[in-house]
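In this note's numbering, the protein residues as written are 135 to 993.
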């Protein structure tokens, strides 16, 4: 028995006598929970029982992550082969409910005791893991689970204790009795000092850590201190490391305290000792730490938390060089053992920023959802700006952390710019995976800072680099492929290179190996295909998503945003407007913050248009587009142009033709996305001939997708039919129908004025166009007014009205148009009569409202 610890049979009996399936040791730090369980595990268990010890030291985000950690511990301890452990871990990761997988693993096997130390790290997943534990122990009588925790857990609820499912060992049980305090002091201290045991017990109220610290302090004093709780508190607070009289022992602790735990190899690297085992044995004997299972062939030593934190604090304040050296070595060891988040914290402490950058890349590979939250910002915020400027990977990490929080989005730009402006010089010393990662990060950051036109070429450069390197057996690059390629695909998509985007995302899907990684990648295929109008392909791709493979709740987070958008698009093609809106239920975490905002908003606006509620939604979208800073993802890109096109349709539906005309006059590099709205604007203005006339030119514009081409052809057919050209209408309708047959796209039928839609159905029926009839056979009534409530103007009248803007005097207007003044007067009177106005100003106002004045088309 080592100093500061005594055998406490009453507590060992609580673990042994009539044991419950679950035992919970619940008390604050310092109550000896781990020491007690270690003593019990060492000598009080049946020899045929298997022991799995899991010592948690970092937050666990889900029950899947928890059980994966347990499986890893079983593998390290030799209870599971690496192959079997890998299969079980993948099965746990892929299922909504891991309990059946674990039950099948343990069913019929010999007794197993699972000890979970520091259960408080389960945190947000506690309720779910609690439920899993209770269900497992209820179904498996040979399974016993013992947990130690400082935090609350539903396992400790009285109802479970009443049912004998759980035994709770709490503070009252774990606290020292006065007799135990006296026994401890009698064994460790000379008689005169041991006599103060009663005072210590009273002042500490039996708190084991305080009693042990007081005992250690008393060993260095020749006389008992003056009685009084204030003095006792000072003794208890004394740095525990000062009790180590051997300078070598104290130096060892100072060299190793940076690491959360260490094995003998790490201890040697930190201290330079050839054989650290005797020193660690002395530390354990003195009660300053304990060995805990970690790897099958070697455990790790973990200091008492209060000791480690005291020494770390002193080192940081008074011996920073020593601390930074130790933190750097420990960070490398943790990284090599896949403890990436703890490694990141220590690498930052050490100022090892190149190492921190490598660790961050590993964090993204092991947990791709990390880039959607700011939980790493606590570590990243401690990196000086100057260091971030020198290390683009860390600037990228900090920018992503800030970008994920609406309150800090603005602060992200300076860090994202550093990554966006990387040059080959920044990549010269990087290995292949790191160089590829940073090239991908450059393209992504160019998007994040609004420089979309540069993001496309950067994506091409990254793809060229990827294609030129030999992957070989480099596992890091294998894991990077899916996340990198899907990001490049989105950069291509936003600059209108839709075919390239589809090719790259298809490659990304084939490279994803893990079930969850495949889901993260497949949803890019779903979303990008549906947005472009490849609805049949999107529906097929959506069937590749494995609902069981999502880590808990990730189906409702940013990582599935494009999946949600794609599914909403597919519902819109079926005119299921309520279902499209429902795709975003419980997705508040990304609806307003994802860079996919333009496409997400497109689906919401289209659904509201179908439900007859587009007015308020259109105003909300217009206000957001005019705000500063703009919503994420808005800028000079394909998605924003598509949203502008739909917003113009919504304005026309609401009778706000002036707003629609203003929107359609905005220049864009992707005019194909607003081309259908250009035709619709003329139709609602009564200019069917003009609408038909511009269709060929609009078809040839860049920036089209399958969706916009189908919409343009359909509206063009409506214009041709209205203008008295049924043959042209039939040809255009056949073109739209063929796109529907091949791709399944037809949400745009909602944009066709109701009377025109009915006229097109008649044309298809009477002309024997079966494909067109099937295409138009939907239970939908167009929401757009089929035309103004007044007679349309002739081409000459419209020309006169437009020229009158610059020539208010009749004589000047006549001269400009090479007409007689009487002819001009006749045309103006006809306009007044048709539109029910009495003045030139009134006619101009009506023309502006109808969107007939000015070209209104992109140049």
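Don't be surprised by glycine CBs; every beta carbon is placed ideally from N, CA and C. Keep in mind the model is a prediction, meaning the values are calculated, not measured.
Collapsed DSSP secondary structure at residue i in the structure displayed
i, result
"residue 791", "helix"
"residue 433", "strand"
"residue 448", "helix"
"residue 389", "helix"
"residue 396", "strand"
"residue 616", "helix"
"residue 600", "helix"
"residue 185", "strand"
"residue 560", "helix"
"residue 303", "strand"
"residue 374", "The predicted position of residue 374 is uncertain, since its pLDDT is 48 and thus under 50; a value taken from the coordinates is nonetheless stated next. Helix, per DSSP."
"residue 251", "strand"
"residue 517", "coil"
"residue 524", "helix"
"residue 159", "strand"
"residue 427", "strand"
"residue 840", "helix"
"residue 205", "helix"
"residue 194", "coil"
Pairwise C-alpha distance: residue j and residue i
i, j, result
"residue 777", "residue 735", "8 Å"
"residue 612", "residue 246", "37 Å"
"residue 292", "residue 340", "25 Å"
"residue 254", "residue 285", "5 Å"
"residue 374", "residue 433", "Per-residue confidence for residue 374 stands at a pLDDT of 48, beneath the threshold of 50, marking its modelled position as unreliable; the derived number appears in the next sentence. Cα-Cα distance, rounded: 24 Å."
"residue 809", "residue 639", "27 Å"
"residue 998", "residue 568", "Residue 998 lies beyond the range of the chain shown here (135 to 993); nothing can be said about it."
"residue 387", "residue 230", "44 Å"
"residue 823", "residue 895", "20 Å"
"residue 869", "residue 863", "10 Å"
"residue 739", "residue 487", "45 Å"
"residue 146", "residue 156", "15 Å"
"residue 266", "residue 196", "11 Å"
"residue 544", "residue 431", "49 Å"
"residue 371", "residue 426", "At residue 371 the pLDDT is 35, less than 50, meaning the model places this residue with poor confidence; the figure from the coordinates comes in the next sentence. Going from the Cα of residue 371 to the Cα of residue 426 covers about 26 Å."
"residue 551", "residue 524", "12 Å"
"residue 927", "residue 968", "8 Å"
"residue 228", "residue 215", "20 Å"
"residue 589", "residue 511", "25 Å"
"residue 570", "residue 618", "8 Å"
"residue 806", "residue 937", "28 Å"
Whole-number beta carbon distance between residue j and residue i, since they are thought to touch under 8 Å
i, j, result
"residue 599", "residue 573", "6 Å"
"residue 148", "residue 201", "The pair is not a contact, with the Cβ atoms about 27 Å apart (cut-off 8 Å)."
"residue 845", "residue 788", "Not quite, the Cβ-Cβ distance comes to about 19 Å (not below 8 Å), so this is no contact."
"residue 681", "residue 700", "With a Cβ gap of about 15 Å, residue 681 and residue 700 do not count as contacting."
"residue 655", "residue 672", "Between residue 672 and residue 655 the Cβ distance is about 14 Å, and since that is not below 8 Å, they are no contact."
"residue 629", "residue 657", "About 21 Å separates the two Cβ atoms, so there is no contact after all."
"residue 686", "residue 198", "6 Å"
"residue 142", "residue 313", "Actually they do not touch by this definition, with Cβ atoms about 10 Å apart."
"residue 812", "residue 797", "Incorrect: roughly 11 Å between the Cβ atoms, too far for contact."
"residue 159", "residue 345", "Residue 159 to residue 345, Cβ: 18 Å. No contact."
"residue 873", "residue 840", "6 Å"
Outcome for residue i when other beta-carbon atoms lying within 10 angstroms are tallied against a minimum of 16
i, result
"residue 900", "exposed"
"residue 447", "exposed"
"residue 645", "buried"
"residue 830", "exposed"
"residue 653", "buried"
"residue 804", "buried"
"residue 947", "buried"
"residue 283", "buried"
"residue 108", "Residue coverage of the chain in this structure runs from 135 to 993, which leaves residue 108 outside it and unanswerable."
"residue 614", "buried"
heavy atom of the ligand MG below 8 Å from residue i C-beta
i, result
"residue 311", "For the ligand MG, the structure offers nothing, since it holds no ligand at all."
Contact with chain C by residue i, beta-carbon distance below 9 Å
i, result
"residue 203", "The displayed structure is made up of one protein chain only, and chain C is not part of it."
Would you call the segment 746 to 757 and the segment 719 to 727 touching, i.e. three or more CB-CB distances under 8 Å?
no
Check whether the segment 872 to 883 and the segment 700 to 714 are in contact - that is, three or more C-beta pairs closer than 8 Å.
yes
Between the segment 180 to 198 and the segment 293 to 310, do at least 3 Cβ pairs fall closer than 8 Å?
no
Under 8 Å, with one C-beta from each stretch per pair, do the segment 197 to 216 and the segment 689 to 700 reach the 3-pair mark?
no
Say whether the segment 763 to 774 touches the segment 622 to 637, bearing in mind that this needs 3 or more beta-carbon pairs closer than 8 Å, one atom from each stretch.
yes
Cβ pair count under 8 Å reaching 3, the segment 459 to 477 against the segment 392 to 399
yes
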